[in-house]
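Take the sequence shown: its letter number 112 is residue 1348 in my numbering, and every next letter is one higher. Using N, Cα and C, we set each Cβ at its ideal position, and we do this for glycine too. One structure is given here, and the rest of the page talks about it.
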Amino acid sequence: MAVENHQQDLNDVVASLDLEVLDRNLYRGFSPSWEISRLFGGLVAAQSLAAAYLTIDDIHVHSLHSYFLRPGDANTPVIFDVDRIRDGRSFATRRVVARQKGEAIFNLSASFHKEEDGFDHQATMPDLGGPEDFPSAEDHGFTEADYMPRHWDGPVVPIQVRSHIPPGGGLPDGKYTSAIWVRANGELPDDEVLHRCVLLYMSDLALLGTSIRAHAKGFEKIMAASLDHSMWFHRPIRADQWLLYSLNSPSASGARGFNLGHYFTEDGVLLASAAQEGLIRPFDPSKA
1237 MAVENHQQDL NDVVASLDLE VLDRNLYRGF SPSWEISRLF GGLVAAQSLA
1287 AAYLTIDDIH VHSLHSYFLR PGDANTPVIF DVDRIRDGRS FATRRVVARQ
1337 KGEAIFNLSA SFHKEEDGFD HQATMPDLGG PEDFPSAEDH GFTEADYMPR
1387 HWDGPVVPIQ VRSHIPPGGG LPDGKYTSAI WVRANGELPD DEVLHRCVLL
1437 YMSDLALLGT SIRAHAKGFE KIMAASLDHS MWFHRPIRAD QWLLYSLNSP
1487 SASGARGFNL GHYFTEDGVL LASAAQEGLI RPFDPSKA
């Protein structure tokens, strides 16, 4: 696909984050017209954060916690209802419920913090090499869309991924950690709000797959669905620059997999962390 098409695909995502104002605290969002049927969880999460930001002045999200309640329809608008829980001198809290056809499909709580000085330390980035040392999807003989779960039937993913593990591949026996290099597939404006929303969009891409690949199974052998998603933003974000997404799955049990991820810049700065639990159930085609 040509570079200009990748940029247009990313522009479509950016446009989808520009929500329509219906009333005070009430907004409407649409999916990009990619001829897909199922709403991508990363998109509804990013749109929910964008809705919360529309009620916030001059401070940034530092943490969010969310639940995926029902599958979303990519061909139906989503209504975002924002509850202004609290506005304080240093912090603000928002709750967002995303609905389709009158039913809640996603729930997000986000905390915003006014920038201030304080202590500073961080974990060390794993020494795994830079993005140039990781194969692209094309190097594996696939496309970026092949990194998406089985139900994702769209041809476009506006994210560049570099991974030693091909789409659908598993981790070596006894391994519960992996890493990929990711970035938005194009240039983004200098807007911190936008970069945080896009990073949230991107963070849903590979997190759940970590617990699945720990058992050497691709999405085609697993009934998989994100159940919840949490994220912490430690430092300012540039989602259109290469970021190492360091991933691990501390636990899988009871048909659920638990996953953690950390985003590092190429020079080792820890920007954000994510956590997600998901349903990972052996797929029975007869019940599909």
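Using a Cβ-Cβ cut-off of 8 Å (strictly less than) and excluding sequence neighbours within five positions of Trp1388, which residues of its own chain qualify? Any reading at Trp1388 needs caution, since the residue's pLDDT is 41, under 50, leaving its predicted position unreliable; the model's value is listed next. Excluding sequence neighbours, Trp1388 sits near Ile1272, Arg1274, Phe1276, Ala1381.
Kindly confirm or deny that the region 1326-1333 and the region 1435-1455 touch, where touching means at least three C-beta pairs closer than 8 Å. No, the region 1326-1333 does not touch the region 1435-1455.
Cα separation between Asp1293 and Leu1253? Looking at the two C-alpha atoms, the distance is approximately 17 Å.
Tell me, which residues are paired with Thr1413 by DSSP? Asn1484
Would Ile1401 be called buried (16 or more neighbouring beta carbons within 10 Å of its own) or exposed? In summary, Ile1401 is buried, with 16 or more beta-carbon neighbours lying within 10 Å of its beta-carbon over all protein chains present.
Would Lys1350 and Ile1315 be called neighbours here (beta carbons separated by less than 9 Å)? no
Can you have a look at Pro1362 and say buried or exposed, based on whether 16 or more other CB atoms are within 10 angstroms of its CB? Answer is exposed; the Cβ neighbour count stays below 16.
Once DSSP output is grouped into helix, strand and coil, what is the label at Val1332? strand
Straight-line CA distance for Leu1246 to Glu1423? 8 Å
Applying the 10 Å Cβ sphere with the 16-neighbour rule, what's the burial state of Arg1419? buried
Nearest neighbour of Gly1504, chosen from Leu1430, Asp1426, Trp1417 [CA to CA]: Trp1417
Closest to Leu1463 by C-alpha separation, out of Val1249, Ser1302, Tyr1263, Leu1285, would be which residue? Ser1302
Under DSSP, the alpha helix (DSSP H) around Gln1283 begins and ends at which residues? 1277-1289
Check whether the Cβ atoms of Tyr1481 and Ala1450 sit closer than 9 Å, and answer yes or no. no
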